[in-house]
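These notes concern the structure reproduced below.
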Amino acid sequence: MSIKEFVQKFYKSDALIDSEILKSYLHPEVVLEWNSSKGFIQMDYDEILEMANELSRAYVRSKVRISHIISEDDLVSVRYSHFVKTIENPREEMLLAHFSTIWQIKDDKLYRGYQMSQFS
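Going by UniProt numbering, the sequence shown opens with residue 1, and the numbers climb by one from there.
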């Protein structure tokens, strides 16, 4: 599987709201540098897993719609919109945010992430 296919598989899975699935995609030394609407956030392996656990407490379903994905060498750049369904209203899909992320892949895992997000 190419690194582009690997990243597509990651975003098509429930990894963003299921820490057990997420573990299979993360390199043990992963670092995510995220420029969000709340400012700059840097997260390591445990913090990324905790974020997935927090999301799973609020949302029953997660869906990512990728609009652009490009790979070169060990890097994959992806632009996507993240949709969720809440526990309170599982029938309604809600846009969480738009994201642009560059992932560096190492040992067939997500190793370094550089991400920007914007609420809609």
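Even glycine gets a Cβ: it sits at the ideal position worked out from N, Cα and C.
Whole-angstrom distance between residue j and residue i, CA atom to CA atom
i: Ser61; j: Gln42; result: Reading the sequence as shown, one finds Arg at residue 61 and not Ser. Those two C-alpha atoms are separated by around 25 Å.
i: Ala58; j: Lys85; result: 9 Å
i: Arg79; j: Met94; result: 18 Å
i: Ser67; j: Ala15; result: 19 Å
i: residue 126; j: Leu96; result: Residue 126 is absent from the structure shown; the chain starts at 1 and stops at 120.
i: Ile87; j: Asn53; result: 14 Å
Per-residue DSSP class, three states only, for residue i
i: Ile48; result: helix
i: Phe10; result: helix
i: Ser19; result: helix
i: Ser56; result: helix
i: Lys38; result: coil
CB contact flag (residue i, residue j, <8 Å)
i: Phe10; j: Tyr25; result: yes
i: Lys106; j: Asp74; result: yes
i: Asn29; j: Tyr114; result: Checking the sequence, you will find Glu at residue 29 rather than Asn. No, they are not a contact pair.
i: Ser117; j: Ser36; result: yes
i: Ile48; j: Leu32; result: yes
i: Ala21; j: Val76; result: According to the sequence displayed, residue 21 carries Ile and not Ala. No, these two residues do not count as a Cβ contact at 8 Å.
Minimum length 3: unbroken beta strand (DSSP E) runs contained in the segment 70-106: Complete beta strand (DSSP E) runs here, min 3: 75-86, 93-106.
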